[in-house]
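If you want this note's numbering, it's the 1-based position in the sequence shown plus 1170. By construction, the Cβ of each residue, glycine as well, lies at the ideal position given by its N, Cα and C atoms. Predicted model only: the values in this text are computed from it and were never measured. Comments concern the structure below.
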Amino acid sequence: MEQHPTSSPAQRAADASAEMDAAGAKVTVSAVRARAGVSMEAARLGVEQWRTQSRQQEIPMPDTVQRIFASAWASAVTDADARYQSDRDAARELVAAAATEAQEAGKLVDTEAARAEAEKKRAIAAEEEVARLRGQLTEEVARHQGERRLAAEVLEAEQTRTQEAREALAEARGALAVLQEQAAAYWNKTDKPRNRDTEE
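The following block contains the structure:
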């Protein structure tokens, strides 16, 4: 079937209906849809357009023919509705499946988000613990350094006092030696007259 590139889907369906009728084939919405390669709605519109044009061009059909045609039309409509219902059911199933997948994906995202939040909280807690331990270590180091400085000051003071005591002891020893010398000289002087008296 030759089709104009700019023809609408309904027009293509109407042309396909005319060609099928001319070939003696039964014109149904499903058959027109398959032949013209259009949607179900476009096929229905095309068949209606073809029938309207056919009624305008042809002489009125006898009642018997009209009844037969009406029966065939009802059958075609029923067939089209059945196919359309099947398509709708399939579409609904696809939508339901997509909704289920989206829900599962949402749950997975929520789970991952909760896990990430828990990891974040654990990381923050670990950082706070590290900061606390670092603070304690700094305090311990400062306290230890203070104790070392205090010990050094005490040691230095003790060394100073020891040195002063040594110097004082040395001075005392020197003074004692002088006193001993003076005493010895004194006793030597006083002993000489006594010795002379004894000799006489």
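Classification of residue i by the beta-carbon crowding that lies within 10 angstroms, buried from 16 upward
i       : result
Gln1306 : exposed
Gln1173 : With a pLDDT of 49 at Gln1173, under the threshold of 50, the modelled position of that residue is not reliable, and no figure is offered here.
Trp1220 : buried
Leu1208 : Before going on, a small fix: residue 1208 reads as Val here, not Leu. Buried is the call here.
Gln1255 : exposed
Ala1201 : buried
Reduced DSSP secondary structure (H/G/I, E/B, other) of residue i
i       : result
Lys1196 : coil
Pro1179 : helix
Ser1187 : helix
Val1208 : coil
Arg1331 : helix
Trp1357 : helix
CB-CB length for residue i against residue j, believed under 8 angstroms
i       : j       : result
Arg1203 : Ala1213 : 4 angstroms
Val1217 : Ala1183 : 7 angstroms
Ala1371 : Ala1186 : One cannot answer for residue 1371 here, as it falls past the ends of the chain, which runs 1171 to 1370.
Ala1180 : Leu1215 : 4 angstroms
8 angstroms Cβ cutoff met for residue i and residue j
i       : j       : result
Thr1198 : Ala1252 : no
Ala1250 : Met1190 : no
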